[in-house]
Structures are given as C-alpha cells and as structure tokens.
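Residue numbers (the numbering used here): 1238 to 1702. What follows is a set of notes on a single structure, which appears directly below.
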Amino acid sequence: MSYEAILRFWTEEIAAPGAWFVPDPEIDAAIRDRFAALIEPAAAGAYDQWLDHASGALALIITLDQFPRNIYRGEARSFAYDAAALRAANTALRRGFDLEVAPQIRAFFYMPLEHSESLYEQDRSVALAEGRLASQPNYVFHAREHRNVIQRFGRFPHRNECLGRTSTPEEAAYLSGGGYNPLSTEADAEAPNIQIMAQKEKDMAELEGKVAVVTGSTSGIGEGCARELAKAGATIIINDHLDSDESRAKADAIAADTGATVAYISADMSKGEDCVRLIRDAEAKFGKVDILVNNAGIQHVEKIEDFPPEKWDLVLAINLSSSFHTIRAAMGGMKERKWGRIVNIASAHGLTASPFKSAYVAAKHGLVGLTKTVALEGADFGVTCNAICPGYVWTPLVEGQLEDQMKAHGKDKDWVIREVMLQRQGMKEFATVEQMGKTAVFLASSGADLITGTTISVDGGWTAL
Ligand code: NAD
C-alpha cells in the first residue's frame, strides 16, 4: 500500500467534510476492507519513512487517527492508536508539513491534538486552528469545542461507556443533555463558554501562529532571537548565506529543542535580490511573514585611511541595505494583515561611535534612522518597527574582532577586552544572546503594541555614560 493511495482515497474518492465526519456504514466498510490491515504496522513504526515528507505524513496520520474511528466506531479500539497518531503529528508539525498542504486538509495534521485528553494538546490544537486555519471557521469552532470539554471534564465523557469508565454525575447530566455535537456545522458561531487560558500559558504561546524571519541566524544573536521566538510559539525561518548542511542542521536543532516549526532558507544579505527572495520564499512556505528580525551583520575594524572601500560597501550592504530590502518586501503583507513586528538589530554603535569602525558605525546609525522612518509608515497599519542596540555580546563576530582590535590598538587580548570592549559597559559583563532574543520577543508581544520607532539599549549602561 502506498501513501498516495491513502491520500487519493481520502481526498479524492470521499473528499467532503460530510463523508469524512458523518457516520456512513458504506464508507466505514470501504475503509475496513482497504486499510484495516495497515493500522497495526503503522502504529508499530513500519511506515515511519512516510514522515519524511508532507504527503506521507498526512497519510500516516489519517491511517492512525481517522481510519480507526471509522473501522471501530463505538469501540474502545477506535482510540487505541491515538498516542501513535499524536507522535506522528508532532513530528510532522515540527517539520512544518502542515503548512505545505491546502487549508481544507491541513486540519488532519491537528486532529490527533484535538482528539487528545490532555489540556496542553488541546491548547495547541486551538492555537494552531486559530493561527493556521482562519479560512476554515468550522474547524476553529470544533477545536475550541473539544478544548472546552477537556477544560471542563479533563476527558471526553462520550468515550466513557465504550472505554469502561464510570461517568460522574456531572458528566452523566452533560451526556443526557446531548453534550457537544461533533457534527455541528455552526461554522461561524462564536463558540460559547470559551474559557480563557491561564495567563501564564497564554504568555508562553503569545506568538503561536506567527511566522518570523530572522536574517543571519545560524549563530550568535540571530540564533538567540530565533530560539526565543520559537519558544514563544512562532514558526521560524532561519537564514545565512552558506547553504550548508550545518546551517540546515541548525534549523533541525532549534526545532528539536523548542518544539517549534523551523525552516532554513539560504540567501546572501549582501545582495538585494536575495533579501527579497528570502521574504518571498518564506511567504510561499508559510503563507506570510509577521515578524522580521534584521540581524545579519559583519564587522571590519581599521583606521579610516586604510579602510578598504570594498569592505565599506560590504558592511553597508549587509548591515544596512539588507534591512531596507527585506522590510520593503515584507511591509505590504504586514500592512494588509494589519499586524507586523520589525526588529532591527542595530548596536550601541547606532547611538555612539568608536574609532576604527567607520563603516559599522555609519551603517548602524543609518539603521536607527531607517527604523524611525518605517515606524512612522507602519503606524496606521499595526506594524511596529524598533531597534535593539546591544553592547558587546560574546559571539563569533566579537571573537573575530579581537585580533583586529589587538592589531589596531597594539595591545594584548586581556587589554582589549578590559579597555575597549567592556570599558564603557558599566556592568562589566558581556550581554548574552538569550537576552537579545528575549528583548526581540518582548518587542513582538502585545505588551509592546505601542512601542515603535525607538531603540532599546541592552548594553550594561554603555550609552548611559
Ligand atoms: P555572528 O557572526 O555570530 O552571526 C552573524 C550571522 O550572520 C551568522 O549566522 C552568519 O552566517 C550570518 N551572515 C553573515 N554574513 C551574511 C550574509 N551575507 N548573508 C546572510 N547571513 C550572513 O554575529 P553576531 O555577533 O551575532 O551579530 C549579529 C548582529 O548583531 C549583527 O548585526 C551585529 O552587528 C549586531 N551586534 C552584535 C554585537 C556583539 O557584540 N556581538 C553588538 C552589537 C550589535
């Protein structure tokens, strides 16, 4: 049996919500005849290779989550494969496969979460439905209804009888009143009794459903931003210009560590056309770009009279012009959706200067100016634009500067760290990439809805001097 045959059956032969969800003995019998033998091996992992791509993953999830419900309708066995279905769904979601299929069938990726008796999975199911199935209000309605039941009872009372569970008096009253009707098609009805999630859980998933692009994010501050945004629930596109296995592996590592969907797109931020392609590819893959973190940056340290003009051009291209190009490409969609968060990683050197960094200081001052202009242009459209101005953060970029600084100042490493890097940083500590990421998350959160056109210094007091 091929996964294509399963998908053909499900999406072509019986493709209609009525046939998917309204009990029909003929359809149940057809599924039993053709697919019953697949279920046990699928649950045992025999088809796990299907999880390498969206179509295969969808077929596996349907096999484990939907087919048992048809074949064993009314029996305990109809729920026996739910744990295996949930495992498959979680793998598929980590890999972003749900966004590779049309919204009409995307919901099947989320159903194992909706069928779970865990409130955590129910919250994820609702967040995914609200964020990624906005065009399918009926699914959003049912996702909320399922969560309401689990919030109220901690389990699905209508399963009690066939699972041999004793109903509580409250559950019995609920069931005799009809309970929740999974066949309801009150698509546009606002679900009644949607209980508000605990504030803590809400904050944790604040960015669920949002799509974030972070430029230059396979190391340092960009990676820190990608990781923190992922932890806050956003879908992430990481980027660098290297097109390497290591870069791709970084996306998988962030996905594995955070549970978020993370994709890698190679694009060279020194080239305007690559900057635009990055945004277009991200939109093509995930449907939109809600959060843009312009982080890619390089440094060159040299006296101005020796500063190579081609280095000046490169620093300006990556540290300033790339932000113009990505913002220009992403702004239209953000304005249309009336929501966008642009975070430019500038620097303390966007507010003040140091010797030997003419190109960098000029680019970062330019970036702060661009930030203010974009903020004014986005103000009527729910699009904010701010700059984070880090002091020294210990990253490969700073490590790489040590030699140049030692050469430019004619001093050793300890002297450069003490007298150049941390000398003006009142707290005498390098900032961390996590702190930068958490600041980016704050700027993307509702708490920062009215913060725009400004700079936030994370510099241990450097620019307070
Ligand atoms: P880093 O060298 O650790 O990371 C830079 C990232 O950008 C890497 O992933 C690299 O592959 C990528 N990159 C480089 N050139 C690229 C290109 N042409 N196209 C796409 N990606 C490219 O640097 P970092 O220290 O994390 O710096 C990140 C940003 O933070 C920069 O804009 C930097 O100016 C700014 N910043 C850093 C510090 C600091 O102390 N580290 C302080 C202030 C501001």
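Think of the CB as a built atom: it goes at the ideal place given N, C-alpha and C, for glycine as much as any other residue.
Here V1630 is near A1668, since their CB atoms are less than 9 Å apart. If you draw a straight line from the Cα of V1538 to the Cα of A1463, it comes to about 27 Å. The segment 1564-1581 and the segment 1535-1554 do not touch, with fewer than 3 CB-CB distances between them shorter than 8 Å. By the 16-neighbour rule on beta-carbons within 10 angstroms, D1505 is buried.
According to the DSSP assignment, I1693 belongs to no alpha helix (DSSP H) but to the beta strand (DSSP E) extending over 1692-1695. DSSP places L1479 outside both helix and strand once states are collapsed to three, so it counts as coil.
Looking from the CA of A1449, the closest CA among G1524, C1399, P1592 belongs to G1524.
Distance from the CA atom of I1502 to the CA atom of D1335, rounded to whole angstroms, is 18 Å. Residue range 1620-1627 is occupied by the beta strand (DSSP E) that includes P1627. For G1333, the shortest C-beta to heavy atom distance toward the ligand NAD is 8 Å or greater. DSSP links L1702 through a beta bridge to no other residue. By the Cβ neighbour-count rule, A1326 is buried, with 16 or more other Cβ atoms within 10 Å of its own. Under the DSSP assignment, S1315 falls outside any alpha helix (DSSP H); it carries neither an H nor an E label. When rounded, the separation of the alpha-carbon atoms in A1242 and T1248 is 10 Å.
Counting C-beta pairs with one atom in each stretch, the segment 1555-1570 and the segment 1611-1626 have three or more that are closer than 8 Å, which means they touch. In the three-state reduction of the DSSP assignment, Y1284 falls in the coil class.
With a threshold of 8 Å, the Cβ atom of L1479 counts as near the ligand NAD, since some heavy atom of the ligand is closer than that.
DSSP, read as helix, strand or coil, puts N1531 in strand. For I1688, there is no enclosing beta strand (DSSP E), since its DSSP letter is neither H nor E.
Two segments are said to touch when three or more pairs of C-beta atoms, one from each, lie closer than 8 Å; by this definition the segment 1356-1367 touches the segment 1383-1398.
Assigned with DSSP and collapsed to three states, T1472 falls in strand. Taken from the Cβ of K1601, at least one heavy atom of the ligand NAD lies inside 8 Å.
Taken through DSSP and simplified to helix, strand or coil, G1569 comes out as helix. Here N1307 has I1264, D1265, I1268 as same chain residues with Cβ atoms under 7 Å from its own Cβ, once five neighbours each way along the sequence are excluded. I1264 carries a helical assignment under DSSP once its states are collapsed to helix, strand and coil. Inside the segment 1330-1355, DSSP marks whole alpha helix (DSSP H) runs of 4 or more residues at positions 1340-1351, from first to last along the chain.
Of the residues R1343, T1621, T1452, A1321, the one whose Cα lies closest to the Cα of S1683 is T1621. Note that the C-beta distance between K1468 and A1497 is below 9 Å.
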